Amino acid sequence: MTLAISSPHRTRGERVGSVMRMVLYGTVPGMAALMAFFGWGTMIQVWSCIWFCLAGEALVLALRGRDPLRELQDWSAVVTGVLLGLCLPPYAPWWIAVSGSLFAIIVGKQLYGGLGMNPFNPAMVGYVFLLISFPVSMTAWTPPMTLAANPPGLFDSFFLIFAGETWDGRSLQALRAGLDGFTMATPLDHLRTDIANGQMISEVLSQPVFGAFAGYGWEWVNLAFLLGGGLLLQQKIISWQIPTGVLGGLAGSAVIFYVWNPDAFASPVFHLFSGGTMLAAFFIATDPVSACTTPRGRLWYGLGIGVLVYLIRTFGGYPDAFAFAILLFNLAAPSIDRYTRPRAYGTLTERPQEPAP
11 MTLAISSPHR TRGERVGSVM RMVLYGTVPG MAALMAFFGW GTMIQVWSCI WFCLAGEALV
71 LALRGRDPLR ELQDWSAVVT GVLLGLCLPP YAPWWIAVSG SLFAIIVGKQ LYGGLGMNPF
131 NPAMVGYVFL LISFPVSMTA WTPPMTLAAN PPGLFDSFFL IFAGETWDGR SLQALRAGLD
191 GFTMATPLDH LRTDIANGQM ISEVLSQPVF GAFAGYGWEW VNLAFLLGGG LLLQQKIISW
251 QIPTGVLGGL AGSAVIFYVW NPDAFASPVF HLFSGGTMLA AFFIATDPVS ACTTPRGRLW
311 YGLGIGVLVY LIRTFGGYPD AFAFAILLFN LAAPSIDRYT RPRAYGTLTE RPQEPAP
């Protein structure tokens, strides 16, 4: 007997729009933390991505002869825009949001037939497209507001994104300078570069860009997304297996290397609260369309993502790797589901057929 595994089905009676809106509510604490530490640019990027995701989806739906006003009410394009906007550097130029949003919706979603048909997470498709195509713009993060020499205000943020410099002529490169006058990178960038240059972990973590147990500011951003993720778990919008697998795979891998050589490898706590860990674990990897659907499959799916993220962070060419890991395991999700599907009660385990003589 063969059991079919198809797109996930919810039995609690919620509409897609209500589920998507709950996901948006869950991102509010993390978005607020990003704005508190990195300025108004986060809000501008998120709103830009939302509008261009909606515009791209409406255009394709109209070309396909479908009603955009009705189809857009599922809020899925808004969720894609929010997730993509949260991943972008706050002061990336406006065309980054435009091109990433349109690529995410048109190529990552509508090209496959729309919601429920896409094998890959659309937001991560757009993000990886941007990261590969425009690596300089996608790695131009500014330091946290309290470490920046000249943090921009709301109007300066608009001018910086849409005109390339602030009202008084300051460039993004000038704003990326910290209080000491040196251009600051993200904590994960610092960690990779300084470890490669022969410094020990204790020396690296003594720099101002690092906080109590992770990157300065990023520890609170991750705690805020953890709070929002807890809301999704409490409301049963997502299941526990994927976040647990992602965090367990990442932390478990970090434990092995940290115990082996604590002077060369960061602690599990550092990895859990740096970069986009909690955002990815609770809001991106749990996409019900592109992730695994079986209970055991979700756990293995999450574990694989966590382990792969650690390996790329530590030994690969990118400081953070959730987008690549999630897309690779989106590709593997059907196979994982095939080998972890539950057996129907009362049926026998399938046996391989004997080859014909």
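With the working numbering applied, the sequence shown corresponds to residues 11 to 367, in that order. Note that beta-carbon positions come from the ideal geometry of N, C-alpha and C, so glycine has one too. Just so you know, these numbers come straight off a predicted model, no measurement behind them.
Beta-ladder partner(s) of residue i, from DSSP
i	result
E175	S181
F220	G225
For residue j and residue i, believed in contact at Cβ under 8 Å, the rounded distance
i	j	result
F47	V231	6 Å
I211	A274	7 Å
V89	M30	5 Å
L94	G110	6 Å
L313	G255	4 Å
P153	V219	7 Å
G259	I346	Between I346 and G259 the Cβ distance is about 14 Å, and since that is not below 8 Å, they are no contact.
Within 8 Å, strictly: CB atoms of residue i and residue j
i	j	result
T296	P253	yes
S167	G91	no
A87	L98	no
P100	G49	yes
A224	F267	no
L321	M134	no
S300	F172	no
G163	P103	no
L236	V33	no
L182	A150	yes
W228	S284	yes
G27	D84	yes
M41	L96	yes
F293	T37	yes
I142	C63	no
Identity of the residue in the options nearest residue i by Cα
i	options	result
G124	L73, T152, Y137	L73
A158	D77, V279, A184	A184
G262	S249, L71, Q251, L282	L282
C302	I248, G163, G179	I248
A342	G327, R308, G326, D330	R308
E67	V56, G27, V117	V117
Q55	W85, L170, N340, P218	L170
F113	L96, F139, W105	F139
G326	A276, R202, V269, G208	R202
P305	T350, M148, L71	T350
G286	L233, G258, V265	L233
A276	S216, G136, L44	S216
A333	Y137, D204, L257	Y137
I60	L71, L82, G75	L82
A43	M288, G179, Y311, W105	M288
N160	R180, P145, I205	R180
S147	K246, W105, P352, A65	W105
R323	P278, P352, W310	P278
D8	K246, P145, W310, N207	Any property of residue 8 remains undetermined from this structure, which presents the chain solely from 11 to 367.
W310	A222, L257, Y328	L257
Closer than 8 Å to chain C by CB, residue i
i	result
N340	The displayed structure is made up of one protein chain only, and chain C is not part of it.
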